[in-house]
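Single-structure report; data block below.
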Amino acid sequence: MRAIIVHKPGGPEELEFAEVETPRPGPGEVRIAVAAAGVNRADLAQRRGFYPPPPGITDILGLEVSGVVDAVGPDVAEASDASTAGSAAWTPVVGTPVVALLAGGGYAEYAVAPVGQCAPVPASMDMTDAGGIMETAATVVSNFDHIRLSAGETILIHGGTGGIGSFALPYAKQLGLRVITTVGSETNAAYARERGADVAVDYHGDWEEEVRQATSGAGVDAILDIMGAKYLEANVRLLTRGGRLCIIGLQGGRKATLDINELLSKAATVTATSLRFRPLREKAEIVRHVAEHIWPLFESGAIPLPKITTFPLSQAAEAHTHLDSGHNLGKVVLTN
8 MRAIIVHKPG
18 GPEELEFAEV
28 ETPRPGPGEV
38 RIAVAAAGVN
48 RADLAQRRGF
58 YPPPPGITDI
68 LGLEVSGVVD
78 AVGPDVAEAS
88 DASTAGSAAW
98 TPVVGTPVVA
108 LLAGGGYAEY
118 AVAPVGQCAP
128 VPASMDMTDA
138 GGIMETAATV
148 VSNFDHIRLS
158 AGETILIHGG
168 TGGIGSFALP
178 YAKQLGLRVI
188 TTVGSETNAA
198 YARERGADVA
208 VDYHGDWEEE
218 VRQATSGAGV
228 DAILDIMGAK
238 YLEANVRLLT
248 RGGRLCIIGL
258 QGGRKATLDI
268 NELLSKAATV
278 TATSLRFRPL
288 REKAEIVRHV
298 AEHIWPLFES
308 GAIPLPKITT
318 FPLSQAAEAH
328 THLDSGHNLG
338 KVVLTN
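Quick note: to get the numbering used here, add 7 to the position in the sequence shown (first position is 1).
Below you can see the structure in the form of structure tokens.
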């Protein structure tokens, strides 16, 4: 099969469309003929050498795909039953259209996924749309659950116009939250407001003060952060008493100063999670939850599809350049 390989850590020029061995599904796995694969910031970090896959996982990039099952491994039905935790089992067979959450391998003509990390394609989506929705939805939903959001609270979502933000903004509104987000331009602010943001502030300015003003000095109950170190101190200062900061990305670095007294005085929480490194059982539960509770929101139009920018798989380098430019709105998807 053909896939995108990374010669060595570096820029998009290190990506090559090359012939590699076609994977075989192992026990409890299915192989998917990939129609589309989402491009995520984590892929850019892995390309640069900062986000290696878990042990035993292919080093081919790609954390989500849509496509059709073309082969099944041993014990798929048993693995599907084991991952349902009391819910009705859904077992894809050869010919079933699916979306899948991967730990790697999506930038290819074929990808292998644990059966518990596969879900039906939402009725409202074509394969291209579906290829870029699972990793984003699973990340946001699992982290919103993790920080125990309640209707009426105010959340700050950093990066409201990318893949994560494009889903998180309308989903937060569905949960009854007041939503503030950071963006890079007025064009991006308009897009963020279309997606559900009540307030959009430009991160090039004094965004901390603007958030403070938008909350009449009270701060925010929760923050979903893709930046990490660069925003840590400001994020903590903005938390209300009992506030929760959830870090899901490191675009602004890994190490920063944390004022523990600030946390003590607010009884606040700082947490960090990575979907990629969760145990298989946890990821299967998240995928099942997304299919049961989020797909109907897409199908009804309660959460509109984000803007989708597509590139052929062979142009993965161009897709990375586009995502890295800071001008992308919504989701980037590679197509076969």
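Just so you know, even glycine gets a beta-carbon here, dropped at the ideal spot from N, CA and C.
Worksheet item: Quick one, which of T247, G212, V206 and L239 has its alpha-carbon nearest A225's?
Response: T247
Discussion item. So G183 and A204 are supposed to be a Cβ contact under 8 Å. How far apart are they, rounded?
Written reply: About 15 Å separates the two Cβ atoms, so there is no contact after all.
Fill in: contact_flag[the segment 317 to 336, the segment 147 to 166] where n(CB pairs < 8 Å) is 3 or more
no
Worksheet entry | N-terminal and C-terminal residue of the beta strand (DSSP E) that P19 is part of | In the DSSP annotation of this structure, P19 is not part of any beta strand (DSSP E), being labelled neither H nor E.
Worksheet item: Given a threshold of 16 other Cβ atoms within 10 Å of its Cβ, counted over all protein chains shown, does A25 qualify as buried or as exposed?
Response: exposed
Worksheet item: Exposed or buried, what is Q181 when buried is set at 16 or more other beta-carbons lying within 10 Å of its beta-carbon?
Response: Answer is exposed; the Cβ neighbour count stays below 16.
Item to complete: Can you give me the Cβ contacts of N47 inside the same chain, cut-off strictly under 7 Å, excluding the 5 residues immediately before and after it?
Response: L70, E142 and G170
Discussion item. Based on DSSP bridge pairs, tell me the residues matched to I164.
Written reply: T188 and L231
Practice prompt. Inspect the beta-carbon positions of E215 and V208 and report whether they are closer than 7 Å.
Written response: no
Item to complete: For I39, count neighbouring C-beta atoms within 10 Å of its own C-beta (all shown protein chains included) and say buried if the count is 16 or more, exposed if not.
Response: Residue burial is scored here from C-beta neighbours: I39 has at least 16 other C-beta atoms within 10 angstroms and is therefore classed as buried.
Fill in: Contact under 7 Å by Cβ, V297 with I315
no
Practice prompt. Measure the CB-CB distance between G138 and A44 and report whether it falls below 7 Å.
Written response: Contact flag set, yes.
Item to complete: Please find out if some non-hydrogen atom of the ligand ATP comes closer than 6 Å to the beta-carbon of G170.
Response: Looking for the ligand ATP in the displayed structure turns up nothing, as the structure carries no ligands at all.
Worksheet entry | Whole alpha helix (DSSP H) elements within the segment 257 to 284, 4-residue minimum | 267 to 273
Worksheet item: Taking DSSP as the reference, what is the three-state secondary structure of V128?
Response: coil
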